[in-house]
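What follows is one structure encoded as structure tokens, with my remarks underneath.
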Amino acid sequence: MSELERLKKEVQRLIEENVRLEEANSKLNERLIELYILYQLTRQLSLSLNINELFERTMTLIQEMLHLNEYSIMLLNEETGMLEIRASKGVKDEVITRCQARPGEGLSGKVAALSEPVLVADLTMVKEHIYYPNSGYEKGSYLGVPLLAKDGRVLGVINFHNPEPASFNQRDLKLFEAVAEQISISLDNALTFQLTKELTNRDELTKLYNRRYFFDRMEREVERAKRYNRKLALLMIDIDHFKNYNDSYGHLQGDEVLRQLASTLEKNLRKVDIVARYGGEEFLVLLPETDKHSGQRVAEKLRKAVEKHDFHHRIPALGPVKVTVTVGVSSFPQDTQDSFELLDLADKAMYFGKAQGRNRVCAEIPAGK
Numbered sequence: 005m006s007e008l009e010r011l012k013k014e015v016q017r018l019i020e021e022n023v024r025l026e027e028a029n030s031k032l033n034e035r036l037i038e039l040y041i042l043y044q045l046t047r048q049l050s051l052s053l054n055i056n057e058l059f060e061r062t063m064t065l066i067q068e069m070l071h072l073n074e075y076s077i078m079l080l081n082e083e084t085g086m087l088e089i090r091a092s093k094g095v096k097d098e099v100i101t102r103c104q105a106r107p108g109e110g111l112s113g114k115v116a117a118l119s120e121p122v123l124v125a126d127l128t129m130v131k132e133h134i135y136y137p138n139s140g141y142e143k144g145s146y147l148g149v150p151l152l153a154k155d156g157r158v159l160g161v162i163n164f165h166n167p168e169p170a171s172f173n174q175r176d177l178k179l180f181e182a183v184a185e186q187i188s189i190s191l192d193n194a195l196t197f198q199l200t201k202e203l204t205n206r207d208e209l210t211k212l213y214n215r216r217y218f219f220d221r222m223e224r225e226v227e228r229a230k231r232y233n234r235k236l237a238l239l240m241i242d243i244d245h246f247k248n249y250n251d252s253y254g255h256l257q258g259d260e261v262l263r264q265l266a267s268t269l270e271k272n273l274r275k276v277d278i279v280a281r282y283g284g285e286e287f288l289v290l291l292p293e294t295d296k297h298s299g300q301r302v303a304e305k306l307r308k309a310v311e312k313h314d315f316h317h318r319i320p321a322l323g324p325v326k327v328t329v330t331v332g333v334s335s336f337p338q339d340t341q342d343s344f345e346l347l348d349l350a351d352k353a354m355y356f357g358k359a360q361g362r363n364r365v366c367a368e369i370p371a372g373k
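Start counting the sequence shown at 5; every next residue gets the next number (this note's numbering).
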């Protein structure tokens, strides 16, 4: 071999070695970037146990680090069994409001049902939709990753969409899986914290709010009503002859009546209304944005609902029984602008109603009573 040929081979070897080193360096840089992204996610998301704050941080981090413009986080609503969009970037308002998907429905539902990622290079080649049919996301590429709790339960789904086909590859899938895992850990912790906090605000028997939480909310609602010149009504509800009922049927059946009554009240109120067990057989309802006349109408609706309800015994053979309630009504600012007096007036109105024969709504107290 001549010296020239040997030099040519050496140069070729060096070129190939340089290419190999550049590829290795590129892969190393990619891996360092991925590790940095995961580090920042872990550090930032661990700072909050508030779900709304967690979503805000997540949205910001995904945009800044993954450089994506269309994505959404859907959570599984345990009450309805539906996936609902809770945070998003670049998703139409109409889709955010309208979208609800059962596990197994569409691509997002498929991710939830399988508990596995789904990668679609070209949406025009599949029948499934991301959110719902004709939602405007029928073209481009899609990558969906599940959010899983520590015990394997599906918490939700992250949907990534790009209007261009073949925008996501297997490397993206692995990275987004790792991202979703970090988000899942923080989300699971936040949901557990929220549930624990919620339980401390609930009455153990009826699952309604307890009096401590109710008084805190009432103070805030009264301050809000003062600031924005709004109205609100307060209802004090007491079960008629409940002591006699307990004496006749026992305290276990009395507890069952309290549970069924609580459920009846909740079913006949708005989501914005706040209902609590005050103590014993007494309940409180706070009605924001409600004047006294409207408060009386709501009170009468609740009274009739309770009167019509068949309260079933724990022992079916005993058959259902009927229960009635007396309701006192007070209002802000018509009656008072003080939260303590608002409660006192509703209480007095309720007792006046009992003195008049029970099973009625009372909103006015004669002078001197």
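Glycine included, each C-beta is placed from N, C-alpha and C at the ideal position.
Check your understanding: When you compare only the Cα positions, how much space is there between E82 and G283?
Key -> Working through the sequence shown from its first residue, we reach residue 82 at position 78. Working through the sequence shown from its first residue, we reach residue 283 at position 279. The straight-line gap from Cα to Cα measures roughly 29 Å.
Review point. Are M222 and S343 touching if we call contact CB-CB under 8 Å?
Key: As a working note, residue 222 is residue 218 in the sequence shown. As a working note, residue 343 is residue 339 in the sequence shown. Closer than 8 Å, so yes.
**Study point:** Pair within 8 Å by beta-carbon distance, L159 and L80
**Key:** Numbered from its first residue, the sequence shown carries residue 159 at position 155. Numbered from its first residue, the sequence shown carries residue 80 at position 76. Yes, the Cβ-Cβ distance between L159 and L80 is below 8 Å.
Point to revise | Test item: CB-CB of V331 and A309 under 8 Å | key: Here the question's residue 331 lines up with position 327 in the sequence shown. Here the question's residue 309 lines up with position 305 in the sequence shown. No, these two residues do not count as a Cβ contact at 8 Å.
Review point. If you follow the beta strand (DSSP E) that L238 is part of, which residue opens it and which one closes it?
Key: One-based indexing of the sequence shown puts residue 238 at position 234. Taken as a continuous stretch (DSSP letters only), the beta strand (DSSP E) holding L238 covers L236 to I243.
Check your understanding: Which ranges does the alpha helix (DSSP H) cover as unbroken runs of at least 4 residues, wholly within the segment 101-167, from first to last along the chain?
Key -> When DSSP assignments are scanned along the segment 101-167, the uninterrupted stretches of alpha helix (DSSP H) that are 4 or more residues long and fall wholly within it turn out to be 110-118.
**Study point:** Distance between Y136 and L105 (C-alpha atoms, nearest Å)
**Key:** If you number the sequence shown from 1, residue 105 lands on position 101. If you number the sequence shown from 1, residue 136 lands on position 132. Correcting the residue type first, residue 105 is Ala in the shown sequence and not Leu. Each residue's alpha carbon lies about 8 Å from the other.
Practice item. Kindly list the residues whose CB is nearer than 7 Å to the CB of M354, restricted to its own chain and excluding five residues on each side of it in sequence; keep chain order. Key: Taking the sequence shown and counting its residues from 1, the one referred to as residue 354 is at position 350. So the list reads M240, D242, T330, V331, G332 and C366, once near-sequence residues are dropped.
Exercise for review: Output the boundary residues of the alpha helix (DSSP H) element that contains S188.
Suggested key: Taking the first residue of the sequence shown as position 1, residue 188 is located at position 184. Q174 to T204 is the extent of the alpha helix (DSSP H) around S188.
Review point. Which parts of the segment 277-345 are runs of the beta strand (DSSP E), unbroken and 3 residues or longer, counting only runs that do not cross its ends?
Key: Runs found: 278-283, 286-292 and 329-336.
Review point. Excluding five sequence neighbours on each side, which residues of the same chain lie with their C-beta closer than 6 Å to the C-beta of L376?
Key: The chain is shown only over 5 to 373; residue 376 falls outside these bounds and no answer can be derived.
Review point. E260 to R318, Cα distance in whole Å?
Key: Along the sequence shown, one-based indexing puts residue 260 at 256. Along the sequence shown, one-based indexing puts residue 318 at 314. Their backbone Cα atoms lie some 7 Å apart in a straight line.
Point to revise | Pick from L346, D244 and G85 that is closest to E227, judged by C-alpha positions | key: Position 223 of the sequence shown holds residue 227. Looking at the Cα atoms, L346 is the closest of the given residues.
Point to revise | Cβ-Cβ distance between L209 and R263 below 8 Å | key: Here residue 209 refers to the residue found at position 205 when the sequence shown is read from its first residue. Here residue 263 refers to the residue found at position 259 when the sequence shown is read from its first residue. Taking 8 Å as the Cβ cut-off, L209 and R263 qualify as a contacting pair.
Check your understanding: What does DSSP give as the partner residues of I89 in its beta bridges?
Key -> Within the sequence shown, numbered from 1, the residue matching residue 89 stands at position 85. Looking at the DSSP assignment, I89 forms a beta bridge with M78.
Review point. Helix or strand or just coil, what does DSSP make of V226?
Key: Position 222 of the sequence shown, counting from 1, holds the residue named residue 226. Correct three-state label for V226: helix.
Practice item. Tell whether a beta-carbon distance below 8 Å holds between L127 and K114. Key: Sequence index remark: in the sequence shown, residue 127 carries index 123 (1-based). Sequence index remark: in the sequence shown, residue 114 carries index 110 (1-based). No, Cβ-Cβ distance for L127 and K114 is not below 8 Å.
Check your understanding: How about L87 and L191: do their beta carbons lie closer than 8 Å?
Key -> Along the sequence shown, one-based indexing puts residue 87 at 83. Along the sequence shown, one-based indexing puts residue 191 at 187. A distance of 8 Å or more separates the beta carbons of L87 and L191.
Practice item. May I have the straight-line CA-CA distance separating K131 from E109, to the nearest angstrom? Key: Against the sequence shown, residue 131 aligns to sequence position 127. Against the sequence shown, residue 109 aligns to sequence position 105. Taking the straight line joining both Cα atoms gives about 11 Å.
**Study point:** CA nearest to the CA of E74, picked from F197, E185 and D97
**Key:** Sequence index remark: in the sequence shown, residue 74 carries index 70 (1-based). The candidate whose alpha carbon is nearest that of E74 is D97.
Check your understanding: Applying the criterion that 16 or more other CB atoms from any shown protein chain within 10 Å of the CB defines a buried residue, is N163 buried or exposed?
Key -> One-based indexing of the sequence shown puts residue 163 at position 159. Buried is the call here.
**Study point:** Start-to-end residues for the alpha helix (DSSP H) that takes in K247
**Key:** Counting from one through the sequence shown, the residue named residue 247 turns up at place 243. Where K247 is concerned, the enclosing alpha helix (DSSP H) stretches over F246 to Y253.
Review point. Is it right to say C103 is buried, meaning 16 or more other beta carbons lie within 10 angstroms of its own, or is it exposed?
Key: By one-based count along the sequence shown, residue 103 stands at place 99. Taking all protein chains in view, the Cβ of C103 is crowded by 16 or more other Cβ atoms within 10 Å, so the residue is classified as buried.
Practice item. Take the Cβ of E285 as the centre, count every other Cβ of all protein chains shown within 10 Å, and call the residue buried at 16 or more, exposed below. Key: Your numbering for residue 285 matches position 281 in the sequence shown. Buried: at least 16 other Cβ atoms inside 10 Å.
Exercise for review: Provide the residue span of the alpha helix (DSSP H) that contains Q360, from first to last.
Suggested key: Mapped onto the sequence shown, residue 360 falls at position 356. Segment: none, Q360 is in no alpha helix (DSSP H) and carries neither H nor E.
**Study point:** Identity of the residue in Q198, D176 and L151 nearest R187 by Cα
**Key:** For the purposes of this step, residue 187 is identified with residue 183 of the sequence shown, where counting begins at 1. Checking the sequence, you will find Ile at residue 187 rather than Arg. Comparing alpha-carbon positions, the option among Q198, D176 and L151 lying closest to I187 turns out to be L151.
Check your understanding: What's the C-alpha gap between L288 and I55?
Key -> Translated into positions along the sequence shown, residue 288 becomes position 284. Translated into positions along the sequence shown, residue 55 becomes position 51. Here the C-alpha atom of L288 lies approximately 29 Å from the C-alpha atom of I55.
**Study point:** Per-residue DSSP class, three states only, for V365
**Key:** Taking the sequence shown and counting its residues from 1, the one referred to as residue 365 is at position 361. Strand.
Point to revise | Beta-carbon proximity of L177 to L256, cut-off 8 Å | key: Walking along the sequence shown from the start, residue 177 turns up at place 173. Walking along the sequence shown from the start, residue 256 turns up at place 252. No.
Point to revise | Sequence-distant residues of the same chain with beta carbon closer than 6 Å to H316, five excluded per side | key: One-based indexing of the sequence shown puts residue 316 at position 312. Correct list, in chain order: P324.
Practice item. Please report how far the alpha carbon of E270 lies from the alpha carbon of L322, in whole angstroms. Key: Taking the first residue of the sequence shown as 1, we reach residue 270 at position 266. Taking the first residue of the sequence shown as 1, we reach residue 322 at position 318. Taking the CA atoms as reference points, E270 sits about 26 Å from L322.
**Study point:** Span separating the alpha-carbon of A237 from that of F218
**Key:** Counting from one through the sequence shown, the residue named residue 237 turns up at place 233. Counting from one through the sequence shown, the residue named residue 218 turns up at place 214. One C-alpha to the other measures close to 14 Å.
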